[in-house]
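J.: Got a structure here, written out as structure tokens. Questions coming.
Numbering (my numbering), first residue to last: 59 to 432.
Right, here's the structure in full:
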């Protein structure tokens, strides 16, 4: 007999070697490595290699992977034209969804390959930067192959090469956002892949899931919340007023983590390192402290702490990213994890086909007889 699990909570849909979210312990593992250690020691490209190939690259493989990824950043004139023709009011997420869907599938559509994943991951930052520059009336700088993934993205947005510190800060955010278990968008990518569809379709579908406000978009809403609070004196009254109305506090609570999100803890340290004297950092610290206290008062036993988005907003502010690009920047990082899951799903594929429990009315007529095959 089927057991009803609304939202598939607690239901495993695959065996994976990619990442392990240990919610009760506040731990996140990528391929046998603590994610905090990966942030401290490696670049985003190295972590992508780990997620896709299952091992850290040696120096030669790292160099080759960087070179290949950098060589694929350029957009074709046709793709640039598609981005220009998208309505000016479209969000960056809608733009990247359309632009990626227009990519040709290199080689055979099944099974998906690493080369296809490289092409999508490499072009995603250029798509975002091209659209942003075009609607600002500026010419987008050509990708700089000498720069890493994060640094090149900042260069195309700001028209100047970022400092090593700023590139490292964004690198850390990209690593921490790359993969996170069977979340809604990753599950979507696996479902599409399980039908033997192509990798472009799977990632386009995953982006569609990420556009939903219950899954993506929270870092910009954290900044909106801080703007609304305004001053340290207003923190407790504003938060209490929100909770009295039954509203969410943006950047707090997680479906899986029942303790401090390890990704948020890592990003908190980065913001402290680069912006410890800023007004918004001090305000964020107070908001964090008061929100945790009030959430325990209003929702006792729920154990609601800052999630990735709360301190992600601080990092993205620090590297001077436009608020409108927060979610699409998260998306370009998560393409790494989606691709890893797509490749893994294809290795031992079985069509994902869950069932539903029918609760509608029963027919009033007698059931029709089945044909006799004797």
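Think of the CB as a built atom: it goes at the ideal place given N, C-alpha and C, for glycine as much as any other residue.
Please classify residue 270 as buried or exposed, where buried requires at least 16 neighbouring CB atoms within 10 angstroms.
T.: exposed
J.: Along the chain, where does the alpha helix (DSSP H) containing residue 258 start, and where does it finish?
T.: 257-269
J.: So what does DSSP say about residue 489, is it helix, strand or coil?
T.: Residue 489 falls outside the range modelled here, since the chain spans only 59 to 432, and no answer is possible.
J.: Cβ atoms of residue 71 and residue 245: under 8 Å apart, would you say?
T.: yes
J.: Assuming residue 158 contacts residue 186 (C-beta within less than 8 Å), just tell me the rounded distance between them.
T.: Wrong, their Cβ atoms sit about 11 Å apart, outside the cutoff.
J.: In or out: residue 118 buried (at least 16 other Cβ within 10 Å) or exposed?
T.: exposed
J.: How big is the Cα-Cα spacing for residue 260 and residue 181?
T.: 16 Å
J.: Mapping the DSSP letters down to three states, classify residue 87 as helix, strand or coil.
T.: strand
J.: Would you mind giving the Cβ-Cβ distance between residue 170 and residue 398, rounded to the nearest angstrom? I have them listed as a contact below 8 Å.
T.: Beta-carbon to beta-carbon, residue 170 and residue 398 are separated by about 11 Å, too far to satisfy the 8 Å threshold.
J.: Check whether the Cβ of residue 342 sits closer than 7 Å to any heavy atom of the ligand HEM, and report yes or no.
T.: By its list of ligands, the structure shown contains no ligand whatsoever, and the ligand HEM lies outside what it can speak to.
J.: Evaluate residue 236 with the Cβ neighbour count: other Cβ atoms within 10 Å of its Cβ, from every protein chain shown; 16 or more gives buried, anything less gives exposed.
T.: buried
J.: Nearest by alpha-carbon distance to residue 199: which of 218, 193 and 206 is it?
T.: 218
J.: Given residue 332, which residues of its chain have a CB within under 7 Å of its CB, disregarding the five upstream and five downstream residues?
T.: 223, 227 and 376
J.: Straight-line CA distance for residue 426 to residue 382?
T.: 57 Å
J.: What first and last residue would you give for the alpha helix (DSSP H) that runs through residue 252?
T.: 242-252
J.: Is it right to say residue 408 is buried, meaning 16 or more other beta carbons lie within 10 angstroms of its own, or is it exposed?
T.: By the Cβ neighbour-count rule, residue 408 is exposed, with fewer than 16 other Cβ atoms within 10 Å of its own.
J.: Pick out the complete alpha helix (DSSP H) segments inside the region 132-187, 4 residues or longer, and give them in chain order.
T.: 135-143 and 150-159
J.: Give a yes or no on whether the C-beta atoms belonging to residue 201 and residue 132 are separated by under 8 Å.
T.: yes
J.: For residue 354, which option in 328, 307 and 335 has the closest C-alpha, if you only look at C-alpha atoms?
T.: 307
J.: At what residues does the beta strand (DSSP E) containing residue 79 begin and finish?
T.: Unbroken beta strand (DSSP E) run through residue 79: 77-80.
J.: Buried or exposed: where does residue 241 fall if 16 or more other Cβ atoms within 10 Å of its Cβ makes it buried?
T.: buried
J.: Short of 7 Å in beta carbon distance, which residues of its chain neighbour residue 208, apart from the five on each side in sequence? Order them along the chain.
T.: 102, 225, 228, 229 and 232
J.: Is the region 339-353 close to the region 385-399, with three or more CB pairs under 8 Å?
T.: no
J.: Distance check for residue 106 and residue 114, CA to CA, integer angstroms please.
T.: 9 Å
J.: Are there 16 or more other CB atoms within 10 angstroms of the CB of residue 86, so buried, or fewer, so exposed?
T.: buried
J.: Need the endpoints of the alpha helix (DSSP H) that residue 219 sits in, please.
T.: Per DSSP, residue 219 belongs to no alpha helix (DSSP H) and is neither H nor E.
J.: Whose CA, out of 216, 370 and 88, lies closest to the CA of residue 196?
T.: 216
J.: Work out the CA separation of residue 128 and residue 279 for me, nearest whole Å.
T.: 32 Å
J.: Under 7 Å Cβ to Cβ from residue 247, same chain only, skipping five residues before and after it: list those, please.
T.: 260, 261, 263, 264, 396, 399 and 400
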